[in-house]
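Novice: Okay, here's the structure, questions in a sec.
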Amino acid sequence: MPEANGPSTRDFVGHDDLVFSFGPSWNGDVPAPFEVVANTVRLVDAVAPRVLILGFGLGAMARIVRKRRPAARITGVEPDVDLVRRSSAAEDLAGVELHRLSARDFLQRVRPPQDDDRFDLVIDDCFEMRGDEPVRPSGMNESAEWVAPWLQPRGIVVRNLLPEDGPVEEQTRDLAKRFRHRLVRRFRDWENVVVLTSSRPFPAASRAQLRPRLHRLPGA
0 MPEANGPSTR DFVGHDDLVF SFGPSWNGDV PAPFEVVANT VRLVDAVAPR
50 VLILGFGLGA MARIVRKRRP AARITGVEPD VDLVRRSSAA EDLAGVELHR
100 LSARDFLQRV RPPQDDDRFD LVIDDCFEMR GDEPVRPSGM NESAEWVAPW
150 LQPRGIVVRN LLPEDGPVEE QTRDLAKRFR HRLVRRFRDW ENVVVLTSSR
200 PFPAASRAQL RPRLHRLPGA
């Protein structure tokens with residue numbers, strides 16, 4: 000969501016962090032933090048990366064992932080029955096494997112894939128409404144151990160965060176315990192903070208690869 004009171008000056012500090020911040024970052028109808036999350040697929044080496052999207056919604060994130068990596072194999076998790084129905088009917092989302100479950104239930108109750116079928120990228124874009132405010136679902140800021148069995152050894156987890164849920168350090172403490180390397184993206188005119196984590200270092204070109212460039216959602 001747009002930031003009302005200016006960007007936070009508290010950078011996320013810790014082991015092997017890269018902290019990027021630049022703007023302006025509003026591109027037409029595509030919020031920059033949203034696109035940066037999807038652009039994380041550019042950092043995956045696999046030719047046909049397997050991508051898990053927690054908080055699939057109407058599939059806008061999947062559309063950007065496919066624009067960046069057309070061969071990506073996408074699995075989406077979304078608890079809202081109407082959103083799942085509409086996404087399933089969308090022609091440009093054909094081939095996406097959709098699960099109508101909460102992210103927590105999916106990670107804890109569905110059997111993880113084995114070895115090569117694990118995901119190269121897990122996108123955690125989970126929010127639920129509390130009144131008029133989006134908040135993180137219960138337990139999702141402690142979900143690193145649930146996610147780990149789904150992830151390739153050198154895979155990436157990216158989490159989209161809002162300050163209403165607490166300091167970034169607190170919202171990512173579980174990731175810091177599980178993954179050595181982190182990359183943090185802040186925005187001049189958005190209060191979101193995007194955090195990438197992995198067991199492998201992020202390349203020096205990560206900033207350019209993540210930079211938002213779209214002015215319209217694919218298919219819009």
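Note that numbering that gives the first Met the number 0 has the sequence shown beginning at 0, numbered continuously upward.
Note that the Cβ used here is the ideal one computed from N, Cα and C, for glycine as well.
1. DSSP puts N159 in a beta bridge; with which residues?
2. Just to confirm my understanding: we take P148, look at its own chain, exclude 5 residues before and 5 after, and list those with CB closer than 6 angstroms. What are they?
3. Does S137 pass the burial test, meaning 16 or more other C-beta atoms within 10 Å, or should it be called exposed?
4. For V50 and D119, which I take to be in contact (beta-carbon distance under 8 angstroms), what is that distance rounded to the nearest angstrom?
5. Whole angstroms are fine: how far does the CA of H98 sit from the CA of T74?
6. Quick one: measure Cβ to Cβ for G53 and D124, integer angstroms, because I've assumed they're closer than 8 angstroms.
7. Over what stretch of residues does the beta strand (DSSP E) that includes F126 continue unbroken?
8. For L92, which residues of its own chain have a beta-carbon under 7 angstroms away from its beta-carbon, when the five flanking residues on both sides are left out?
9. Rounding to the nearest angstrom, what Cα-Cα distance links M139 and P69 in this structure?
10. Quick one, which of P200, S197, V193 has its alpha-carbon nearest P37's?
11. Jot down the residue ranges of each uninterrupted beta strand (DSSP E) in the stretch 66-116, minimum 3 residues, whole runs only, in chain order.
12. Check whether the Cβ atoms of L174 and R158 sit closer than 8 angstroms, and answer yes or no.
13. My output table needs one value for P202: the three-state DSSP class, helix, strand or coil.
14. Answer with buried or exposed for P32, where buried requires no fewer than 16 other C-beta atoms within 10 angstroms of its C-beta.
15. What are the start and end residues of the beta strand (DSSP E) that includes L51?
16. Take H162 as the anchor and find which of V156, V40, W189, G154 has the nearest alpha-carbon.
17. Give the straight-line distance between the Cα atoms of D79 and F105, rounded to the nearest whole angstrom.
Specialist: According to the structure data:
1. Along the sequence shown, read from residue 1 onward, the residue named residue 159 stands at position 160. According to DSSP, N159 bridges with V193.
2. Walking along the sequence shown from the start, residue 148 turns up at place 149. Excluding sequence neighbours, P148 sits near P111.
3. The sequence position of residue 137 within the sequence shown is 138, counting from 1. That one is exposed.
4. Residue mapping note: residue 50 aligns to position 51 of the sequence shown, counting from 1. Residue mapping note: residue 119 aligns to position 120 of the sequence shown, counting from 1. Contact flag correct, Cβ pair sits at about 7 angstroms.
5. Your numbering for residue 74 matches position 75 in the sequence shown. Your numbering for residue 98 matches position 99 in the sequence shown. Roughly 8 angstroms separates the two Cα atoms.
6. Position 54 of the sequence shown, counting from 1, holds the residue named residue 53. Position 125 of the sequence shown, counting from 1, holds the residue named residue 124. Rather than Gly, the amino acid found at residue 53 in this sequence is Leu. The pair is a contact, with the Cβ atoms about 7 angstroms apart (cut-off 8 angstroms).
7. Residue numbering aside, residue 126 sits at position 127 when the sequence shown is read from its first letter. Where F126 is concerned, there is no enclosing beta strand (DSSP E), given that its DSSP letter is neither H nor E.
8. Indexing the sequence shown from 1 puts residue 92 at position 93. Answer for L92: G58, A61, S86, listed in chain order.
9. As a working mapping, residue 139 is identified with position 140 in the sequence shown. As a working mapping, residue 69 is identified with position 70 in the sequence shown. The straight-line gap from Cα to Cα measures roughly 29 angstroms.
10. In the sequence shown, residue 37 corresponds to position 38, counting from 1. Here the sequence assigns Ala to residue 37, which means Pro is not the residue at that position. That would be V193, whose Cα lies nearest to the Cα of A37.
11. 72-76, 96-98
12. Here residue 174 is taken as the residue at index 175 of the sequence shown, counted from 1. Here residue 158 is taken as the residue at index 159 of the sequence shown, counted from 1. Contact: yes.
13. Along the sequence shown, one-based indexing puts residue 202 at 203. DSSP places P202 in coil when its eight states are reduced to three.
14. Here residue 32 is taken as the residue at index 33 of the sequence shown, counted from 1. It is buried - the Cβ of P32 has at least 16 other Cβ atoms within 10 Å.
15. Reading the sequence shown from its first residue, position 52 is the one you call residue 51. First-last of the beta strand (DSSP E) with L51: 49-53.
16. Along the sequence shown, one-based indexing puts residue 162 at 163. The amino acid at residue 162 is misidentified as His; the sequence shows Pro. The residue with the shortest Cα to Cα distance from P162 is W189.
17. Stepping through the sequence shown from its first residue, residue 79 is reached at position 80. Stepping through the sequence shown from its first residue, residue 105 is reached at position 106. Approximately 13 angstroms, taken between the alpha carbons.
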